[in-house]
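Undergrad: Okay, here's the structure, questions in a sec.
Residue numbers (this note's numbering), protein chains in the order written: chain A, 530 to 705; chain B, 2 to 412.
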């Protein structure tokens, strides 16, 4: 199917869920409400005409100026039909939760952990939601737009004192 | 222990029929990596073992996280090319090519024929070099030392060719938005052609070394099996997916470059085990070699970079003679190229699998968001599935067979 036909089929199945539809250079992105994202994905996965069996990518984008600040983006591909579509689900900052799609695509497991790690979006129903790339005790979410590229000059690693404690006796061992 | 507790010499100690029956067993957690030669980089695996059987395998990544995506948001489009070198540092040509293809589609730049042919050619050379490294280290992990030396002989030749082409062996940054950095020389093309004539014989040599080797077959056949449905659901791609019999190759499914104009096939396996993944790569050597040959034979003459002054840096000589060029150069360096607002996900086939670049542009010279879909990232997440129920020694064989690069996984 052409991407626009998939978008039309999706709008036909979920008339109340689709917020926005955009086409750019042959690729179509459909924005849907986050509450029923699992149903939308199930439809795209199960419908024999669409059959999006390959989750190419899952990521998030931060738009600090928008009312719904974060956008979780699903890039879907069908190996059988060779067509592609992008689903986007905006999520507000004060309630950063969206349903996990791991029950549909196992590939979403680490993608969702990465989004949780770098944006702080929580995925409801994820089997093992932990930080992935950053240490478990990291504070903040680096890919948010308000996270600085470079930290303030007086900033030091929170566990710095603890780490320095290990070096307390270094001088005792120095050869004099 | 006092003297009274010790058994006296000459007395017999009574034993049960099964001496281990009363012993309590528990799983052993083994920490593999992050600094281990068989993990191909800084990958840490937490392996729970029941005897030699793997009960659970939990990968831990992030040791090489450099925040490439965050950096990309703060660089203009031209400055990102060197960052992509450092993702999959084993085959940086294909990364550069992926990124440049994505930006070109976003901007709607028409790339000259010659540049497309050259890029396809160097991407395939890079694929051969990458598979050579994979085969070398994979065989070394399993215990076949000789293959390593043979593979590095040819890899060295390819890296020397890259060096003559663009001055760098690993972090090449040769493809550019709209074309390539500089044109190829005839002498260089002749040497590449000579390499393609000799290389199929070399692949036969590798096969004589391990293909009939009983130890190799026992270590790889029926190990790390995954069915085609599961492999698709786990998001596997590239030779790892094709080893299961799924002929998914981005070069065929959604062609870029000049792949649709060349005559080549997608090799597939059937069992989805370590051996089939190895076989797929051996066939890809021959296919890639053929693609390189065809590209040289059909290489058209013409410009090597697009005539799009708003996106492409002018030639250095033009800067001293042409005011327009100087203005374009200044605008490109200070503001970056005027990429239209929009968003695009572009997938390409790197040696490891589907490499996706998702760019959200807000119309400025820097990407608003750039997400990289790295095949290694997905493949490492599937290690949990691939290693479960196998034996500890199989974990090493499986890591080698999915061909991971941590720079790409951690970004």
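A virtual CB, placed ideally from N, CA and C, is assigned to each residue, including glycine.
Computed from a prediction, not measured in an experiment: that's the story for all the values here.
At the level of alpha carbons, what is the spacing between residue 282 of chain B and residue 240 of chain B?
TA: Walking along the second chain from the start, residue 282 of chain B turns up at place 281. Walking along the second chain from the start, residue 240 of chain B turns up at place 239. Those two C-alpha atoms are separated by around 7 Å.
Undergrad: Tell me whether residue 604 of chain A sits in a helix, a strand or coil according to DSSP, three-state version.
TA: The sequence position of residue 604 of chain A within the first chain is 75, counting from 1. Strand at residue 604 of chain A.
Undergrad: With a cut-off of 8 Å, do at least 3 Cβ pairs link the region 138 to 154 of chain B to the region 175 to 192 of chain B?
TA: Output reads no: the region 175 to 192 of chain B does not touch the region 138 to 154 of chain B.
Undergrad: Check the Cβ-Cβ distances between residue 586 of chain A and every residue of chain B, and say whether any is below 8 Å.
TA: Taking the first residue of the first chain as position 1, residue 586 of chain A is located at position 57. True, the Cβ-Cβ gap to chain B drops below 8 Å.
Undergrad: What residues in its chain sit with their C-beta under 6 Å from that of residue 2 of chain B, if we drop five residues either side in the sequence?
TA: Against the second chain, residue 2 of chain B aligns to sequence position 1. Model confidence at residue 2 of chain B stands at a pLDDT of 45, short of 50, so the residue's coordinates are unreliable; what they give is reported in the following sentence. So no residue of the chain qualifies.
Undergrad: Starting from residue 293 of chain B, trace the alpha helix (DSSP H) in both directions and tell me its first and last residue.
TA: Reading the second chain from its first residue, position 292 is the one you call residue 293 of chain B. From DSSP, the alpha helix (DSSP H) with residue 293 of chain B extends over 275 to 299.
Undergrad: List the residues of chain B that residue 611 of chain A touches, going by C-beta distances under 9 Å, in chain order.
TA: Within the first chain, residue 611 of chain A is the residue found at index 82, counting from 1. Residues of chain B passing the Cβ test: 254 and 255.
Undergrad: Using a C-beta cutoff of 8 Å, does residue 661 of chain A count as contacting chain B?
TA: Here residue 661 of chain A is taken as the residue at index 132 of the first chain, counted from 1. Yes, its Cβ sits closer than 8 Å to a Cβ of chain B.
Undergrad: Mark residue 659 of chain A as exposed unless 16 or more other C-beta atoms lie within 10 angstroms of its C-beta, in which case mark it buried.
TA: Within the first chain, the letter at position 130 stands for residue 659 of chain A. Burial call: exposed.
Undergrad: Please list the residues of the region 382 to 411 of chain B that have a C-beta atom closer than 7 Å to any C-beta atom in chain A, keeping them in chain order.
TA: Hits within the stretch, in order: 382 and 411.
Undergrad: Compute the Euclidean distance between the alpha carbons of residue 522 of chain A and residue 360 of chain B, then round it to the nearest angstrom.
TA: Since the first and last residues shown for chain A are 530 and 705, residue 522 of chain A lies out of range.
Undergrad: Tell me the rounded alpha-carbon separation between residue 385 of chain B and residue 403 of chain B.
TA: By one-based count along the second chain, residue 385 of chain B stands at place 384. By one-based count along the second chain, residue 403 of chain B stands at place 402. Those two C-alpha atoms are separated by around 13 Å.
Undergrad: Is it a yes or a no for the region 330 to 339 of chain B touching the region 541 to 552 of chain A, going by three-plus beta-carbon pairs under 8 Å?
TA: The region 330 to 339 of chain B vs the region 541 to 552 of chain A: no contact.
Undergrad: Compare the C-beta of residue 560 of chain A against all C-beta atoms of chain B and say whether one is closer than 8 Å.
TA: Sequence index remark: in the first chain, residue 560 of chain A carries index 31 (1-based). So, not an interface residue.
Undergrad: Taking DSSP as the reference, what is the three-state secondary structure of residue 2 of chain B?
TA: Stepping through the second chain from its first residue, residue 2 of chain B is reached at position 1. Because the pLDDT at residue 2 of chain B is just 45, under 50, the model does not fix this residue reliably, and the value given afterwards should be weighed accordingly. Three-state DSSP puts residue 2 of chain B in coil, outside helix and strand.
Undergrad: Residue 233 of chain B CB to nearest chain A CB: under 8 Å?
TA: As a first step, residue 233 of chain B must be located in the second chain, where it is residue number 232. Yes, residue 233 of chain B lies at the interface with chain A (some Cβ there is under 8 Å from its Cβ).
Undergrad: In terms of residues, what are the limits of the alpha helix (DSSP H) holding residue 196 of chain B?
TA: Position 195 of the second chain, counted from the start, is the residue given in the question as residue 196 of chain B. First-last of the alpha helix (DSSP H) with residue 196 of chain B: 187 to 211.
Undergrad: So, do the region 555 to 562 of chain A and the region 612 to 620 of chain A have three or more beta carbon pairs nearer to each other than 8 Å?
TA: With the cut-off at 8 Å, the region 555 to 562 of chain A and the region 612 to 620 of chain A touch.
Undergrad: DSSP beta-bridge partners for residue 372 of chain B?
TA: Here residue 372 of chain B corresponds to residue number 371 of the second chain, with the count starting at 1. B:359, per the DSSP bridge assignment.
Undergrad: State the Cα-Cα distance for the pair residue 118 of chain B and residue 156 of chain B, rounded to the nearest angstrom.
TA: Position 117 of the second chain, counting from 1, holds the residue named residue 118 of chain B. Position 155 of the second chain, counting from 1, holds the residue named residue 156 of chain B. Approximately 22 Å, taken between the alpha carbons.
Undergrad: At what residue ranges does the region 203 to 268 of chain B contain a whole run of the alpha helix (DSSP H), taking only runs of 4 or more?
TA: Within the region 203 to 268 of chain B, the complete alpha helix (DSSP H) runs of at least 4 residues are 215 to 221, 229 to 234, 239 to 243 and 251 to 254.
Undergrad: Using a Cβ-Cβ distance under 8 Å, would residue 596 of chain A count as near chain B?
TA: Locating residue 596 of chain A in the first chain gives position 67, counting from the first residue. Taking Cβ atoms only, chain B never reaches closer than 8 Å to residue 596 of chain A, which makes this a no.
Undergrad: Apply the 10 Å Cβ neighbour rule to residue 28 of chain B and answer buried if 16 or more other Cβ atoms are within range, or exposed otherwise.
TA: Indexing the second chain from 1 puts residue 28 of chain B at position 27. Flag for residue 28 of chain B reads exposed.
Undergrad: How many angstroms separate the CA atom of residue 315 of chain B from the CA atom of residue 82 of chain B?
TA: Taking the first residue of the second chain as position 1, residue 315 of chain B is located at position 314. Taking the first residue of the second chain as position 1, residue 82 of chain B is located at position 81. Their Cα atoms are separated by approximately 17 Å.
Undergrad: State whether the region 69 to 81 of chain B contacts the region 355 to 369 of chain B, with contact taken as three or more CB pairs (one from each stretch) at a distance under 8 Å.
TA: Verdict: yes, contact present.
Undergrad: Rank A:583, A:553 and A:545 by C-alpha distance to the C-alpha of residue 568 of chain A and give the top, closest one.
TA: Translated into positions along the first chain, residue 568 of chain A becomes position 39. For residue 568 of chain A, the nearest C-alpha among the options comes from A:545.
Undergrad: Distance, Cα to Cα, residue 218 of chain B vs residue 40 of chain B?
TA: Sequence index remark: in the second chain, residue 218 of chain B carries index 217 (1-based). Sequence index remark: in the second chain, residue 40 of chain B carries index 39 (1-based). Each residue's Cα considered, the two are about 21 Å apart.
Undergrad: Skipping 5 residues on each side, what residues in its chain have a beta carbon closer than 7 Å to that of residue 592 of chain A?
TA: Here residue 592 of chain A refers to the residue found at position 63 when the first chain is read from its first residue. Closer than 7 Å at the Cβ level, and outside the excluded window around residue 592 of chain A, lie 598 and 600.
Undergrad: Mind listing the chain A neighbours of residue 311 of chain B? Cutoff is C-beta to C-beta under 9 Å, in chain order.
TA: As a first step, residue 311 of chain B is located in the second chain; it is residue number 310 there, counting from the start. Simply none; closest approach about 17 Å.
Undergrad: Mapping DSSP to helix, strand and coil, what is residue 616 of chain A?
TA: Walking along the first chain from the start, residue 616 of chain A turns up at place 87. Three-state DSSP puts residue 616 of chain A in a strand.
Undergrad: Spell out whether any CB of chain B is found under 8 Å from the CB atom of residue 532 of chain A.
TA: Working through the first chain from its first residue, we reach residue 532 of chain A at position 3. For residue 532 of chain A, the answer is no, since every Cβ of chain B falls outside 8 Å of its Cβ.
Undergrad: Using the Cβ count rule (16 or more neighbours within 10 Å means buried), how would you classify residue 158 of chain B?
TA: Here residue 158 of chain B refers to the residue found at position 157 when the second chain is read from its first residue. Result: buried.
Undergrad: Could you tell me if residue 374 of chain B is buried or exposed, where buried requires 16 or more neighbouring beta carbons within 10 angstroms of its beta carbon?
TA: In the second chain, residue 374 of chain B corresponds to position 373, counting from 1. Residue 374 of chain B should be labelled buried.
Undergrad: Verify the CB distance criterion: does residue 380 of chain B have a CB-CB separation below 8 Å to chain A?
TA: The residue labelled residue 380 of chain B in the question sits at position 379 within the second chain. No, residue 380 of chain B does not count as interfacial toward chain A.
Undergrad: Can you tell which of B:151, B:31, B:407 and B:57 has the C-alpha that lies nearest to the C-alpha of residue 210 of chain B?
TA: Counted from its first residue, the second chain places residue 210 of chain B at position 209. Of the candidates B:151, B:31, B:407 and B:57, the one whose C-alpha sits nearest the C-alpha of residue 210 of chain B is B:151.
Undergrad: Between the region 230 to 246 of chain B and the region 262 to 281 of chain B, can you find at least three pairs of beta-carbon atoms closer than 8 Å?
TA: Yes, the region 262 to 281 of chain B is in contact with the region 230 to 246 of chain B.
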